[in-house]
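Here is the structure we will look at.
Here you go:
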């Protein structure tokens with residue numbers, strides 16, 4: 076692969092409007108997972124799934140446009156520029172979403188973990204004091220029901236076996252869980268967002284709600300142990316995409332999940348910096364190059 | 059009081075077909091939220107503002123619908139300016155589809171939304187009536203069809219696959 080200069084230091088902590096950080100994180104998550112899902116188009120295991128993943132991808136990218144249109148109002152730009160015109164280090168999606176699709180089981184495990192997390196935050200944002208954001212959750216929650224239904228159906232189907240399917244699902248869940256808590260990395264300016272009512276619940280509260288929900292699903296299929304194995308202390312594999320202001324910052328370390336007193340709960344705190352600050356893994360640059368190639372090659376093109 | 063111009067504008071909008079289901083209009087599908095005809099706004103003619111709601115926010119046809127509605131509005135004599143936009147303060151649901159559009163959809167081979175629960179992936183729950191033979195002995199194939207707003211089904215009576223509008 077040809078190296079491309081992105082001209083980008085990671086977004087860092089420098090003076091971003093916390094509200095912009097919030098809607099960019101939401102939009103970037105949707106854009107990047109939408110792009111990954113779209114890579115199943117034409118090669119999914121069967122036709123219905125080809126359509127399902129393509130349709131979910133289309134929904135997610137549509138949702139990204141919606142968040143970008145709100146972000147554009149704050150940033151004084153337009154949704155296309157935000158979606159495709161930023162340097163790689165300015166994207167604020169969680170690292171989980173940029174990972175390659177690997178196999179079908181990993182893709183479905185990630186789809187399940189992401190859409191359950193998205194559901195938790197959308198429900199919280201429905202009560203946001205930022206009217207535009209609260210408004211947007213109406214349509215999104217309605218549409219995301221189908222994604223959740225799809226993800227849960229596959230969780231059950233693969234968990235029911237045969238044994239190879241169940242094993243691959245367990246492996247995929249454990250693998251995806253290594254990154255999934257990064258979805259709850261505190262946003263730049265989170266205390267301000269919570270205090271102003273824009274974000275009605277902070278990351279720790281959202282994380283616990285998510286764990287309550289997925290642990291119930293996983294217990295139902297007898298795979299709850301992956302919560303512990305998948306989130307056990309990280310191996311420090313994160314690679315920053317560019318040097319610059321982030322050079323000295325440590326990679327994101329997230330809490331791990333343990334079963335205690337009948338509930339699954341996080342132990343430890345977030346430290347270092349991850350996707351919410353523009354710090355990404357090694358799969359991001361190739362994906363960014365592919366995603367933005369046409370936009371970069373034909374600036375201002377219309378069709 | 060509805061003026062003649064407003065009546066003409068509404069009729070023009072009512073004539074805009076849905077790009078993906080041309081048997082029905084965007085108005086039939088409940089996508090028109092509000093129409094405002096501002097008659098005294100300019101010397102050359104009225105300014106018309108139209109608020110639309112997308113069936114699904116990722117629908118790729120929205121840009122085409124917007125330009126079709128804009129063209130229809132500007133085609134009305136006495137209109138100088140059209141501003142058509144998609145709004146988010148209204149959530150589209152199939153309840154917005156007009157009753158008469160149900161028949162048009164059936165004739166087009168697409169089942170209007172059923173009155174019952176959501177289709178469930180991989181589980182044969184009958185939720186919609188077959189638009190081809192009227193049987194309710196149908197199964198849901200997938201909630202993901204050829205467009206974001208359509209699911210796919212199979213009729214066990216007439217043994218045909220068909221599509222339905224999603225809830």
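Chains as they are written, first to last, in the working numbering: chain S, 76 to 378; chain U, 59 to 225.
Ideal Cβ positions, reconstructed from N, Cα and C, are used throughout, including at glycine.
All of these numbers come straight from a predicted model, not from anything done at the bench.
**Q.** CB contact below 8 Å: residue 381 of chain S versus chain U
**A.** With chain S running from 76 to 378 in the structure shown, residue 381 of chain S is simply not present.
Q: Please report the Cβ distance between residue 253 of chain S and residue 288 of chain S, rounded to the nearest whole angstrom; I am assuming they are in contact, meaning their Cβ atoms lie under 8 Å.
A: Taking the Cβ atoms as the reference, residue 253 of chain S lies roughly 19 Å from residue 288 of chain S, outside the contact range of under 8 Å.
Q: Report the rounded CA-to-CA distance for residue 168 of chain S versus residue 223 of chain U, giving the unit in angstroms.
A: Cα to Cα, residue 168 of chain S sits roughly 32 Å from residue 223 of chain U.
Q) With a CB to CB cut of under 6 Å and the five nearest residues on each side skipped, what residues in its chain are close to residue 114 of chain U? A) Excluding the 5 residues flanking it on each side, residue 114 of chain U has same chain C-beta neighbours closer than 6 Å at 206 and 207, in chain order.
Q | Beta-carbon proximity list for residue 91 of chain U, same chain, < 8 Å, skipping 5 on both sides | A | Excluding positions up to five away in sequence, the list reads 109, 110, 111, 145 and 148.
Q: May I ask you to report which of helix, strand or coil DSSP gives residue 120 of chain S?
A: It is coil, neither helix nor strand.
Q) For chain U, is any of its Cβ atoms less than 8 Å away from the one on residue 138 of chain S? A) True, the Cβ-Cβ gap to chain U drops below 8 Å.
Q. For residue 285 of chain S, which three-state DSSP category applies?
A. Correct three-state label for residue 285 of chain S: helix.
(Q) Just to confirm, is the Cβ distance from residue 163 of chain S to residue 360 of chain S under 8 Å? (A) Taking the C-beta atoms as reference points, residue 360 of chain S is found nearer than 8 Å to residue 163 of chain S.
Q. At which residue ranges does the segment 113-145 of chain U contain complete alpha helix (DSSP H) runs of 4 or more residues, listed in the order of the chain?
A. Considered as a whole, the segment 113-145 of chain U harbours 120-132 as its complete alpha helix (DSSP H) runs of no fewer than 4 residues, in chain order.
Q | Nearest to residue 394 of chain S (by Cα), restricted to the options S/144, S/114 and S/145 | A | Given a span of 76 to 378 for chain S in the structure shown, any question on residue 394 of chain S remains unanswerable.
Q.
DSSP three-state label for residue 262 of chain S, please.
A. Residue state, collapsed to three classes: coil.
Q | Cutoff 6 Å; reference residue 366 of chain S; Cβ partners in own chain excluding five residues on either side | A | Answer for residue 366 of chain S: 110, listed in chain order.
Q.
Counting only beta-carbon separations shorter than 8 Å, does residue 147 of chain U have a partner in chain S?
A. With a threshold of 8 Å between beta carbons, residue 147 of chain U makes contact with chain S.
Q.
In chain order, what are the residue ranges of uninterrupted beta strand (DSSP E) at least 3 long that sit wholly in the segment 314-370 of chain S?
A. As summarised for the segment 314-370 of chain S, the continuous beta strand (DSSP E) elements at least 3 residues long and confined to that stretch are 331-335 and 338-342, given in chain order.
Q) What residues in its chain sit with their C-beta under 7 Å from that of residue 314 of chain S, if we drop five residues either side in the sequence? A) Bear in mind that the predicted position of residue 314 of chain S carries a pLDDT of just 46, short of 50, making it unreliable; the figure below should be weighed with that in mind. Taken in chain order, the residues that qualify are 356 and 357.
Q: Mind checking the segment 95-125 of chain U against chain A and listing, in chain order, the residues whose C-beta falls within less than 9 Å of any C-beta there?
A: Among the protein chains in the structure shown, which are S and U, there is no chain A.
(Q) Please list, in chain order, the chain U residues whose beta carbon lies closer than 8 Å to that of residue 134 of chain S. (A) The contacting residues are 114, 115, 116 and 206.
Q. Any idea what DSSP makes of residue 202 of chain S, helix, strand or coil?
A. Coil at residue 202 of chain S, not helix or strand.
Q | Interface residues of chain U facing residue 126 of chain S [CB-CB closer than 9 Å] | A | Ordered by position in chain U, the residues that pass the 9 Å Cβ test against residue 126 of chain S are 200, 202, 203, 204 and 210.
**Q.** the segment 250-266 of chain S in contact with the segment 182-190 of chain S per 3-pair CB rule at 8 Å
**A.** Judged by Cβ distances under 8 Å, the segment 250-266 of chain S makes contact with the segment 182-190 of chain S, as three or more pairs qualify.
**Q.** Residues in the segment 211-226 of chain S having any Cβ partner in chain U nearer than 8 Å
**A.** Here the close residues are 211, 213, 214, 215, 217, 218, 220, 221, 224 and 225.
Q | alpha helix (DSSP H) segments (min. 4 residues) lying fully within the segment 221-281 of chain S | A | Runs of the alpha helix (DSSP H) inside the segment 221-281 of chain S: 238-255 and 265-270.
Q: Quick one: grab the DSSP three-state call for residue 211 of chain U.
A: Strand, per DSSP.
(Q) Counting only beta-carbon separations shorter than 8 Å, does residue 141 of chain S have a partner in chain U? (A) Chain U, which has a Cβ nearer than 8 Å to the Cβ of residue 141 of chain S, makes this yes.
Q | 6 Å Cβ shell around residue 151 of chain U - same chain, five flanking residues per side excluded | A | No residues qualify anywhere along the chain.
Q | Closest residue to residue 70 of chain U among U/137, U/102, U/118 and U/117 (Cα-Cα distance) | A | Closest by C-alpha distance to residue 70 of chain U, out of U/137, U/102, U/118 and U/117, is U/137.
Q.
Could you check whether residue 221 of chain U and residue 203 of chain U sit closer than 8 Å to each other, using their CB atoms as the reference points?
A. Against a cut-off of 8 Å, the Cβ pair of residue 221 of chain U and residue 203 of chain U comes out as a contact.
(Q) By the DSSP assignment, the beta strand (DSSP E) with residue 90 of chain S in it spans what residues? (A) For residue 90 of chain S, there is no enclosing beta strand (DSSP E), as DSSP gives it neither H nor E.
Q. Could you give the C-beta distance for residue 350 of chain S and residue 219 of chain S, rounded to a whole number, given that I count them as a contact under 8 Å?
A. Between residue 350 of chain S and residue 219 of chain S the beta-carbon gap is near 20 Å, outside 8 Å, which marks them as no contact.
Q: Determine the DSSP secondary structure at residue 82 of chain U, reduced to helix, strand or coil.
A: Three-state result, residue 82 of chain U: coil.
Q: With a 10 Å radius around its C-beta and 16 neighbouring C-beta atoms as the bar for buried, classify residue 181 of chain U as buried or exposed.
A: Residue confidence for residue 181 of chain U is low, a pLDDT of 44 falling below 50, so the modelled location carries little weight; the figure read from the coordinates is stated next. Exposed.
Q | Proximity test, Cβ basis, 8 Å: residue 113 of chain S and chain U | A | By the rule that beta-carbons nearer than 8 Å mark a contact, residue 113 of chain S does not touch chain U.
Q) Would a check of beta-carbon distances place residue 130 of chain S closer than 8 Å to chain U? A) At least one CB atom of chain U sits nearer than 8 Å to the CB of residue 130 of chain S.
Q. Among residues of its own chain, excluding the 5 on either side of residue 65 of chain U, which ones have a beta-carbon nearer than 7 Å to its beta-carbon?
A. Excluding positions up to five away in sequence, the list is empty.
Q: Spatial neighbours of residue 132 of chain U within its chain, please: CB distance less than 7 Å, with the 5 preceding and 5 following residues excluded, ordered by chain position.
A: Only 140 meet the Cβ criterion.
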